[in-house]
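J.: Respectively, the protein sequence lines represent chains X and A.
Residue 6 is where the first sequence starts when you use the working numbering, and the numbers rise one by one after that.
Residue 6 is where the second sequence starts when you use the working numbering, and the numbers rise one by one after that.
Number of protein chains: 2
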Amino acid sequence: MPVRSAGQVEAGGMKRIAIAGVGLIGASFALALRQAGFRGELVGISSPRSIETGIKVGAISRGVALEEAAATADLIYLSQPIEAIVRTLSVLGPIARKDCLITDAGSTKTTIVETANRYVRMAQFLGGHPMAGKESRGAETADPDLFAGRPYVLTPTASAGDTGEFRQWLERIGARVIEMKPREHDETVAFTSHLPQLLSTALAATLANKEDGHISEVFGPGLIDMTRLALSAPEVWMSVLRTNRPAVNEALSAYAAMLAELQNKLNDDNLEQVFSVASTFSRQLRKKPFTGSTSG
Amino acid sequence: MPVRSAGQVEAGGMKRIAIAGVGLIGASFALALRQAGFRGELVGISSPRSIETGIKVGAISRGVALEEAAATADLIYLSQPIEAIVRTLSVLGPIARKDCLITDAGSTKTTIVETANRYVRMAQFLGGHPMAGKESRGAETADPDLFAGRPYVLTPTASAGDTGEFRQWLERIGARVIEMKPREHDETVAFTSHLPQLLSTALAATLANKEDGHISEVFGPGLIDMTRLALSAPEVWMSVLRTNRPAVNEALSAYAAMLAELQNKLNDDNLEQVFSVASTFSRQLRKKPFTGSTSG
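What follows is the structure, given as structure tokens:
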């Protein structure tokens with residue numbers, strides 16, 4: 006996709022961006038902006054340790070207090086755990102200035118958008134969720150290409166004003182913008198993200214429970230794939246799941262029903278059709294998402 | 006590990022090895038032997054198409070009939086689908102000569118070992134299962150390093166004679182030999198291999214069932230991991246599952262119980278401990294298997 010020259014970008018544009026929560030996502034977003042030509046200031050609102058790491062990896066130039074960001078930033082990017090985003094919004098919302106756009110990278114959207122609707126007064130708010138990540142955390146493993154080719158969901162509400170420049174930056178960093186309603190987003194990721202996480206955790210827990218010396222010796226590469234998500238930090242997931250319970254329950258119930266069906270078909274020697282459906286779906290999944298053009 | 010010189014290897018050693026089923030595993034085994042210094046003849050018993058591909062990738066020099074292999078091979082390596090291994094054993098077993106070792110690479114062992122016990126007369130038999138593979142099939146994607154650092158289960162029975170030279174070759178190709186009883190093997194892989202396969206298939210089938218346009222657009226790298234196994238060829242898995250039903254049922258039931266527990270804990274906001282157990286187990290899985298020394 007065409008990348009504008011830095012001159013064009015900065016004319017009339019964002020000059021100061023504050024990253025609240027300088028972890029993997031926040032620091033990767035900052036590095037991605039730099040790589041795409043952003044020449045303004047990037048500052049962090051985070052713990053002293055994260056600020057230090059963020060400076061070291063070149064994501065931000067310094068730490069600032071939330072109040073300074075509220076008064077001076079053109080864009081505030083909330084890349085904290087969900088419950089911290091909610092707390093930040095309650096403090097930031099009432100004081101952020103009119104020309105500021107607040108956006109977030111939280112994995113569930115309904116609670117966050119409701120909180121923003123309640124607290125954000127003069128500033129603009131646009132909910133977001135980059136479908137990118139690693140099992141690692143922290144700015145140490147930040148990657149300027151983390152968002153390239155990945156879906157980036159935005160959940161604009163009626164109150165969101167002009168978000169064109171932010172969307173242009175998302176295009177420039179290679180993200181594929183998809184617009185959804187907050188609840189629609191949460192219902193979809195319950196199936197495509199939260200369910201896979203729970204299945205991986207349940208698999209690892211099932212094997213951990215099985216007292217058999219050979220379990221952790223005799224396995225192939227498939228088990229490594231299937232337990233990668235189980236490595237994820239529990240703290241992060243607790244707040245994701247807590248803010249999406251109805252949809253996660255629906256996904257878990259649908260899955261449990263499919264597993265029971267599979268077990269019946271195993272015993273009737275009638276599994277082949279389910280395997281075919283699953284294999285076709287998985288192949289399509291690998292073709293579709295990373296090919297389409299980006300959209301705004 | 007020390008690699009003997011080809012001279013030492015061939016003194017008194019295997020001179021002709023026949024690979025029955027020149028697919029991913031069979032052709033990779035042949036390439037691995039060559040890479041480790043095997044200088045004897047490698048021939049294939051397979052379909053004309055597989056023989057052609059096997060010759061093209063340098064795994065075998067020619068195709069032979071099963072009867073010729075039975076009369077002349079020092080080692081016959083059965084790397085076919087399970088039910089084909091069973092059929093081959095019923096024909097090969099009665100005619101293979103005394104100095105021949107028959108071994109197999111089937112994913113379940115009880116049925117195959119029972120079949121060998123019934124049909125193999127003069128030759129030796131040693132059941133095996135290399136815990137290696139890819140979602141692809143066929144000699145086209147064969148890889149001489151497929152077995153390096155991977156567990157390779159052997160299920161010796163009382164009747165197996167001198168299998169020392171074959172075991173030495175397994176060491177030379179870098180496999181980690183683990184001895185188990187056939188049923189013990191099948192119970193373990195029900196949890197570490199067959200269960201992950203079914204979970205991945207059930208996940209892909211659940212998502213395919215959900216009629217929602219965003220499902221195949223809005224997802225992160227985790228879903229790609231969790232649906233990789235679902236790409237596997239149905240035909241291969243039907244015979245694996247058919248020959249390990251009791252153990253697979255046990256694994257599926259244990260998993261379903263864990264998933265129900267997880268769902269309860271989700272609603273009680275009490276998931277953190279299960280996440281910790283799962284994360285610890287998954288980390289250990291990544292440390293253990295590929296570090297230990299090989300053993301015979």
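Idealized CB from N, CA, C, for every residue including glycine.
The structure presented is a predicted model; accordingly, all values stated were derived computationally and were not measured.
Once you ignore the five residues that flank Glu15(A) on each side, which residues in its own chain have a CB closer than 8 Å to its CB?
T.: The predicted position of Glu15(A) is uncertain, since its pLDDT is 45 and thus under 50; a value taken from the coordinates is nonetheless stated next. Arg44, Gly45, listed in sequence order.
J.: Note down, in chain order, each residue of its chain lying with its Cβ closer than 7 Å to the Cβ of Asp109(X), except the 5 sequence neighbours on either side.
T.: Contacts found: Leu83, Ile90, Ile117, Gly132, Gly133.
J.: For Ser258(X), count the other beta carbons within 10 Å of its own beta carbon; 16 or more makes it buried, fewer makes it exposed. Which is it?
T.: Ser258(X) is exposed by the Cβ-count criterion.
J.: Cα-Cα, which of Arg102(A), Ser55(A), Lys61(A) is closest to Glu72(A)?
T.: Comparing Cα positions, the closest option is Arg102(A).
J.: Measure the Cβ-Cβ separation of Leu246(A) and Leu276(X) and say whether it is below 9 Å.
T.: In contact: Leu246(A) and Leu276(X) (Cβ atoms closer than 9 Å).
J.: With H, G and I counted as helix, E and B as strand and the rest as coil, what does DSSP make of Ala137(X)?
T.: In the structure shown, Ala137(X) sits in coil (DSSP, three-state: anything other than H, G, I, E or B).
J.: Using a Cβ cut-off of 9 Å (strictly closer), state whether Ile100(X) contacts chain A.
T.: Cβ-Cβ to chain A under 9 Å: no for Ile100(X).
J.: If you measure from the beta carbon of Leu267(A) to each beta carbon in chain X, is any gap under 9 Å?
T.: True, the Cβ-Cβ gap to chain X drops below 9 Å.
J.: Can you check which of these residues, Arg233(X), Pro251(X), Arg250(X), is closest to Ser287(A) by C-alpha distance?
T.: Closest option to Ser287(A), Cα to Cα, is Arg233(X).
J.: Whole angstroms is fine: what's the gap from Glu184(X)'s alpha carbon to Asp104(X)'s?
T.: Rounded to the nearest angstrom, the two C-alpha atoms are 23 Å apart.
J.: State yes or no: is the beta carbon of Ser141(X) nearer than 9 Å to at least one beta carbon in chain A?
T.: Ser141(X) does not count as touching chain A.
J.: Quick test of the definition: if touching needs 3 or more C-beta pairs under 8 Å, does the stretch 238-256 of chain A touch the stretch 189-200 of chain A?
T.: These segments touch.
J.: Report the option in Arg67(X), Lys292(X), Leu159(X) whose CA atom is closest to the CA atom of Ile229(A).
T.: Here the closest residue by C-alpha is Lys292(X).
J.: If you compare alpha carbons, which of Leu212(A), Pro99(A), Ile107(A), Lys114(A) is closest to Arg126(A)?
T.: It is Pro99(A).
J.: Residues of chain X with CB under 8 Å from Met231(A), in chain order?
T.: Chain X residues near Met231(A): Pro201, Leu204, Ser205, Asp230, Met231, Leu234.
J.: According to DSSP, Gly132(A) sits in a beta bridge with which residue or residues?
T.: Thr160(A).
J.: Give the residues of chain A in contact with Ser244(X), contact being defined as C-beta atoms less than 9 Å apart.
T.: Simply none; closest approach about 10 Å.
J.: For Glu240(X) and Arg67(A), I'd like the C-alpha separation in whole angstroms.
T.: Distance between the alpha carbons of Glu240(X) and Arg67(A) is about 58 Å.
J.: Exposed or buried, Ser52(A), counting other C-beta atoms within 10 Å across all chains shown (16 or more means buried)?
T.: Its Cβ having fewer than 16 others within 10 Å, Ser52(A) is exposed.
J.: Starting from the Cα of Ser95(A), find the closest Cα among Ala75(A), Asp79(A), Thr113(A), Leu80(A) and give me that residue.
T.: When each option's Cα is compared against that of Ser95(A), the closest is Ala75(A).
J.: Taking the alpha-carbon of Glu145(A) as reference, which of Gly49(A), Val253(A), Val282(A), Glu57(A) has the nearest alpha-carbon?
T.: Minimum Cα distance to Glu145(A) is reached at Glu57(A).
J.: Does Gly218(X) pass the burial test, meaning 16 or more other C-beta atoms within 10 Å, or should it be called exposed?
T.: Answer is exposed; the Cβ neighbour count stays below 16.
J.: Among the candidates Gln278(X), Gly31(X), Met231(X), Phe224(X), whose CA atom is the shortest distance from the CA of Leu80(X)?
T.: Ranking the options by Cα distance to Leu80(X), first place goes to Gly31(X).
J.: Could you work out which residues of chain X lie near Leu257(A), taking near to mean beta carbons separated by less than 8 Å?
T.: The answer, in chain order, is Leu264, Leu267, Gln268, Leu271.
J.: Could you tell me whether the Cβ atoms of Arg39(A) and Ala64(A) are closer together than 9 Å?
T.: Cβ distance < 9 Å, so Arg39(A) and Ala64(A) count as in contact.
J.: Quick check for students: name the residue ranges of the alpha helix (DSSP H) that lie wholly in the stretch 214-275 of chain A, counting only runs of 4 or more.
T.: Entirely contained in the stretch 214-275 of chain A, the alpha helix (DSSP H) runs reaching 4 residues are, in chain order, 226-231, 239-247, 250-272.
J.: May I ask you to list the residues that DSSP assigns as paired with Tyr82(X)?
T.: Answer is Ile24(X), Thr108(X), bridged to Tyr82(X).
J.: Which partner residues does Ile183(A) have in the DSSP bridge list?
T.: Paired residues: Val158(A).
J.: At a CB-CB cut-off below 8 Å, which residues of chain X make contact with Thr115(A)?
T.: Here the premise fails: no neighbours, minimum Cβ distance about 15 Å.
J.: Return the Cβ separation of Thr160(A) and Pro187(A) in integer angstroms, given the expectation that the two are a contact with Cβ distance under 8 Å.
T.: Thr160(A) to Pro187(A), Cβ: 5 Å. Contact.
J.: Go through its chain and collect everything with a Cβ distance to Lys139(A)'s Cβ below 7 Å, but skip five positions before and after it.
T.: Answer for Lys139(A): Leu29, Thr146, listed in chain order.
J.: Leaving out the 5 sequence neighbours to the left and right, which residues in its chain are closer than 7 Å to Ala137(X) when beta-carbon positions are compared?
T.: The answer, listed in chain order, is Leu151, Phe152, Arg155.
J.: Using only the alpha-carbon positions, how far apart do Glu88(A) and Ala209(A) sit?
T.: Taking the straight line from one Cα to the other gives about 27 Å.
J.: Buried or exposed for Thr197(X), please, with buried defined as at least 16 other CB atoms from any protein chain shown within 10 angstroms of its CB.
T.: When all chains shown are included, Thr197(X) counts as buried.
J.: By how many angstroms is the C-alpha of Ala256(X) removed from the C-alpha of Ala262(X)?
T.: Between Ala262(X) and Ala256(X), the C-alpha separation is close to 10 Å.
J.: Can you tell me the Cα-Cα spacing of Arg9(X) and Trp174(X), whole angstroms?
T.: Per-residue confidence for Arg9(X) stands at a pLDDT of 45, beneath the threshold of 50, marking its modelled position as unreliable; the derived number appears in the next sentence. Distance between the alpha carbons of Arg9(X) and Trp174(X): 10 Å.
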